[in-house]
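First residue of the first sequence: 0, per numbering that gives the first Met the number 0; consecutive thereafter.
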Amino acid sequence: MSSETPTRAGHNHFIHDEIDADLAAGKNDGRVQTRFPPEPNGYLHVGHAKSICLNFSLAQRYGGKCNLRFDDTNPSKEETEYVDSIQADVRWLGFEWDALYYASDFFEKLYQFAEHLIKTGHAYVDDLTGDQVSEYRGSLDKPGKPSPFRDRSVDENLDLFRRMRQGEFENGKRTLRAKIDMSSPNPNLRDPVLYRIMHAHHHRTGDAWCIYPMYDFAHGQCDALESITHSICTLEFEIHRPLYEWLLDHLPVPARPRQIEFARLNITYTVLSKRKLLELVQGKYVSGWDDPRMPTLSGLRRRGYTPESLRAFCDQIGVARFNSTVDKVVLENSIRDDLNKRALRVMAVLNPVKVTIENYPEGEVEWIDAVNNPEDPAAGMRKVALSRTLWIDRDDFREDPPKKYFRLSPGKEVRLRYAFCITAKTVVKDSAGEVVEIICTYDPETRNGATPNGRKVKGIIHWVSAGHAVEAPVRLYDHLFSAEFPDEVAEGADWKSNLNPNSLELLTGAKLEQSVVEAPPGTHFQFERVGYFYSDPLDSKPGAPVFNRTATLRDSWAKIEKRGDI
RNA sequence: UACCCCGUGGUGUAAUCGGUAACACAACAGGUUUUGGUCCUGUUAUUCCUGGUUCGAGUCCAGGCGGGGUAACCA
Numbered sequence: 000m001s002s003e004t005p006t007r008a009g010h011n012h013f014i015h016d017e018i019d020a021d022l023a024a025g026k027n028d029g030r031v032q033t034r035f036p037p038e039p040n041g042y043l044h045v046g047h048a049k050s051i052c053l054n055f056s057l058a059q060r061y062g063g064k065c066n067l068r069f070d071d072t073n074p075s076k077e078e079t080e081y082v083d084s085i086q087a088d089v090r091w092l093g094f095e096w097d098a099l100y101y102a103s104d105f106f107e108k109l110y111q112f113a114e115h116l117i118k119t120g121h122a123y124v125d126d127l128t129g130d131q132v133s134e135y136r137g138s139l140d141k142p143g144k145p146s147p148f149r150d151r152s153v154d155e156n157l158d159l160f161r162r163m164r165q166g167e168f169e170n171g172k173r174t175l176r177a178k179i180d181m182s183s184p185n186p187n188l189r190d191p192v193l194y195r196i197m198h199a200h201h202h203r204t205g206d207a208w209c210i211y212p213m214y215d216f217a218h219g220q221c222d223a224l225e226s227i228t229h230s231i232c233t234l235e236f237e238i239h240r241p242l243y244e245w246l247l248d249h250l251p252v253p254a255r256p257r258q259i260e261f262a263r264l265n266i267t268y269t270v271l272s273k274r275k276l277l278e279l280v281q282g283k284y285v286s287g288w289d290d291p292r293m294p295t296l297s298g299l300r301r302r303g304y305t306p307e308s309l310r311a312f313c314d315q316i317g318v319a320r321f322n323s324t325v326d327k328v329v330l331e332n333s334i335r336d337d338l339n340k341r342a343l344r345v346m347a348v349l350n351p352v353k354v355t356i357e358n359y360p361e362g363e364v365e366w367i368d369a370v371n372n373p374e375d376p377a378a379g380m381r382k383v384a385l386s387r388t389l390w391i392d393r394d395d396f397r398e399d400p401p402k403k404y405f406r407l408s409p410g411k412e413v414r415l416r417y418a419f420c421i422t423a424k425t426v427v428k429d430s431a432g433e434v435v436e437i438i439c440t441y442d443p444e445t446r447n448g449a450t451p452n453g454r455k456v457k458g459i460i461h462w463v464s465a466g467h468a469v470e471a472p473v474r475l476y477d478h479l480f481s482a483e484f485p486d487e488v489a490e491g492a493d494w495k496s497n498l499n500p501n502s503l504e505l506l507t508g509a510k511l512e513q514s515v516v517e518a519p520p521g522t523h524f525q526f527e528r529v530g531y532f533y534s535d536p537l538d539s540k541p542g543a544p545v546f547n548r549t550a551t552l553r554d555s556w557a558k559i560e561k562r563g564d565i
């Protein structure tokens with residue numbers, strides 16, 4: 000269960016209704032037990048976070064248990080690296096499982112179940128090749144036909160199956176299939192394959208097995224062996240439910256779990272499919288599973304997302320049986336909400352241009368009080384150096400300002416955050432016509448928020464004293480895909496063509512206030528008026544941080560300007 | 001073309017025996033503010049269609065339309 004108390008009670012949803020009904024009917028002795036069952040073939044992403052939060056919060060809500068179970072029935076795809084990362088990610092999200100299992104813990108029991116099915120005449124060994132199996136299976140609108148090996152005797156089936164286990168046959172030579180109904184409208188009931196021969200090294204059982212159970216034969220039985228009461232999975236497994244139940248009906252299982260499906264998470268401007276994420280990693284489109292642009296938990300963590308924000312997000316999006324796509328700003332808002340309360344404010348100039356205050360004494364330095372976090376008085380104050388030469392952001396100066404632009408421009412006055420008001424007097428340009436320096440004057444009377452003679456100064460800009468600034472690389476991230484629905488591509492086109500070529504912008508000239516170098520790697524900051532930034536836990540060195548932009552601040556000026564009604 | 005599931009403001013969800021359709025985000029307008037941030041107030045906008053049952057239907061029934069899933073020895 001959660002190691003921390005949940006931030007909110009969360010939405011009501013249909014799964015609560017189903018469980019309430021089961022409880023009212025006296026099922027499972029009033030017990031509720033769930034499990035999160037990842038296959039260790041990739042890293043967890045936000046879609047998994049939805050499932051994790053669902054399963055663990057269900058256990059929490061009903062005073063039950065939630066296990067972690069690795070669905071490791073296909074050794075060709077599974078690795079210990081993934082097992083480790085999954086455990087770390089679940090814990091990081093804030094949950095601790097009651098029991099840890101692997102489907103492979105149950106291989107012997109599953110094998111015995113298979114023999115049981117054979118002995119009761121409900122399973123047979125088939126010699127058909129893979130191609131033949133699918134040919135015999137028919138199609139969506141055509142019934143299948145029985146395999147010629149379907150009516151082998153129990154003894155022959157048992158003998159063959161045992162020899163399969165002994166390793167007597169090559170990969171793909173035979174399978175164990177359930178004997179159900181080749182003409183069922185549900186293809187999952189057309190004698191589904193239960194076991195296949197796979198001479199492969201398993202990350203946990205080594206070379207002990209050369210036959211491995213299929214998902215369908217492992218999942219429900221493992222649920223039963225773990226005493227799971229409610230087996231929550233995504234919608235694409237719905238059509239497997241009749242098979243899930245058929246197997247429980249025909250096996251001497253110790254419990255009777257029930258499968259309930261919900262819609263998986265989709266988010267705009269990204270993909271949430273382990274297969275596609277793997278492709279991005281292997282094709283080096285990103286730096287790895289933990290690239291801050293990835294929707295993986297490790298990527299989001301490195302980007303600066305917090306477990307609290309992700310849990311709040313999962314809470315907000317709800318649980319339903321309708322396939323939907325959540326707007327990516329909902330995810331962004333979840334981290335903004337969280338970081339607004341906890342991130343230390345700091346001034347950072349990302350694209351610097353020099354400001355000289357001509358009437359400020361040369362060589363003089365003042366230490367100005369700045370608030371660390373207006374949302375949290377306990378965060379205290381700090382001192383920021385002010386001097387004659389400063390850096391401000393290029394965005395905060397316009398030689399020819401549009402209407403409603405109330406930052407710096409020739410002849411106009413703005414306030415330096417926490418400090419004085421300055422007025423732009425002269426603009427210095429290089430031979431290319433680019434502004435290299437803005438010469439200003441300051442009004443000593445405007446210290447500390449004061450504006451004598453009642454004049455209004457609406458614009459406030461951030462700044463850093465040139466002689467006191469530190470430099471640090473800053474990575475600006477944008478969404479990984481430029482298309483709202485990256486999966487939707489024209490016939491024959493590749494979804495990767497929707498990759499956003501500008502998803503990463505590296506800034507090397509950023510000037511930051513000194514206090515950022517004192518913080519350890521893995522610290523959240525708000526760069527005032529700009530966004531939330533996280534000192535990369537891997538690339539930062541003590542005293543030499545590297546910053547990842549977690550999210551921008553909401554920017555109503557950008558909105559006005561983009562709208563063009565200025 | 002077969003079977004199954006699903007359709008509630010722009011988006012995501014709620015409405016617990018059929019009883020005033022609500023919340024969040026977004027958008028828009030305003031207020032506060034030494035962050036064009038936060039916060040506060042307000043506005044716009046919703047039950048896929050048609051018919052039926054009923055005093056009363058998002059909810060029940062029928063038909064239609066639309067979307068999704070399913071034909072791995074993947075999970």
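Ideal Cβ positions, reconstructed from N, Cα and C, are used throughout, including at glycine.
- By the Cβ-count criterion, Phe321 is exposed, with fewer than 16 other Cβ atoms from all chains shown falling within 10 Å of its own Cβ.
- Between the alpha carbons of Ile196 and Thr174 lies a gap of roughly 7 Å.
- In the DSSP assignment, the residues bridged to Trp390 are Lys353 and Val463.
- In terms of Cβ geometry, Ile85 and Ile231 do not form a close pair [threshold 8 Å].
- Here Pro253 is not near Leu109, since their CB atoms are 8 Å or more apart.
- In this model, Pro376 and Ile367 are separated by some 17 Å (Cα to Cα).
- Thr79 sits in a helix when the DSSP states are folded into three classes.
- Looking at the backbone, the Cα of Pro472 and that of Ile259 are separated by about 48 Å.
- Under the rule that a run must span 3 or more residues, the beta strand (DSSP E) segments found entirely inside the region 29-72 read 32-35 and 64-69.
- Between the region 375-393 and the region 539-555 there are fewer than three inter-stretch CB-CB distances shorter than 8 Å, so the stretches are not counted as touching.
- Beta-bridge annotation (DSSP): Asp442 is paired with Cys420.
- In the displayed model, Asp538 falls within coil according to three-state DSSP, outside both helix and strand.
- Within the same chain, and ignoring the five residues on either side of Glu527 in sequence, the residues whose Cβ sits closer than 6 Å to its Cβ are Arg344, Met346 and His461.
- The Cβ atoms of Leu389 and Val434 lie no closer than 8 Å to each other.
- Burial state of Leu224 is buried, judged by a 10 Å Cβ sphere holding 16 or more other Cβ atoms.
- Pairing Glu38 with Asn156, the inter-Cα distance amounts to about 30 Å.
- When DSSP reads this structure, Lys428 sits in a beta bridge with Val434.
- Per DSSP, the beta-bridge partners of Glu412 are Thr422.
- In this chain, the alpha helix (DSSP H) harbouring Ser133 covers Gly129 to Tyr135.
- Distance from the Cα of Asp180 is smallest, within the candidate group Arg149, Leu271 and Asp392, for Arg149.
- The Cβ atoms of Asn547 and Pro291 sit closer than 8 Å to each other.
- Assigned with DSSP and collapsed to three states, Gln281 falls in helix.
- In the structure shown, Phe105 adopts helical secondary structure according to DSSP, grouped into three states.
- A contact is defined here as three or more CB-CB pairs under 8 Å, and the region 101-117 fails this definition with respect to the region 44-62.
- With fewer than 16 other beta carbons inside 10 angstroms of its own, Leu505 counts as exposed.
- Within the region 296-334, the complete alpha helix (DSSP H) segments at least 4 residues long are 296-302 and 306-316, listed from N- to C-terminus.
- Between Leu67 and the set Phe532, Glu80 and Arg90, the nearest pair of CA atoms involves Arg90.
- Lys411 has its alpha-carbon roughly 38 Å from the corresponding atom of Arg302.
- Just so you know, the alpha carbons of Phe396 and Asp326 end up roughly 33 Å apart.
- Here the C-alpha atom of Asn371 lies approximately 30 Å from the C-alpha atom of Asp88.
- Per DSSP, Ala223 is one residue of the alpha helix (DSSP H) stretching across Tyr214 to Leu224.
- By the criterion of a C-beta distance shorter than 7 Å, Trp208 is surrounded in its chain by Phe106 and His201, once the five residues flanking it on both sides are discounted.
- In the DSSP assignment, Met163 falls within the alpha helix (DSSP H) that extends over Val153 to Gln165.
- Look at the beta carbons and you see the region 108-122 not touching the region 329-338: under three pairs across the two are nearer than 8 Å.
- Counted as a single uninterrupted DSSP element, the alpha helix (DSSP H) harbouring Asp21 occupies residues Phe13 to Ala23.
- Selection Asp125, Lys76 and Phe55 evaluated against Glu95 yields Phe55 as nearest (Cα-Cα).
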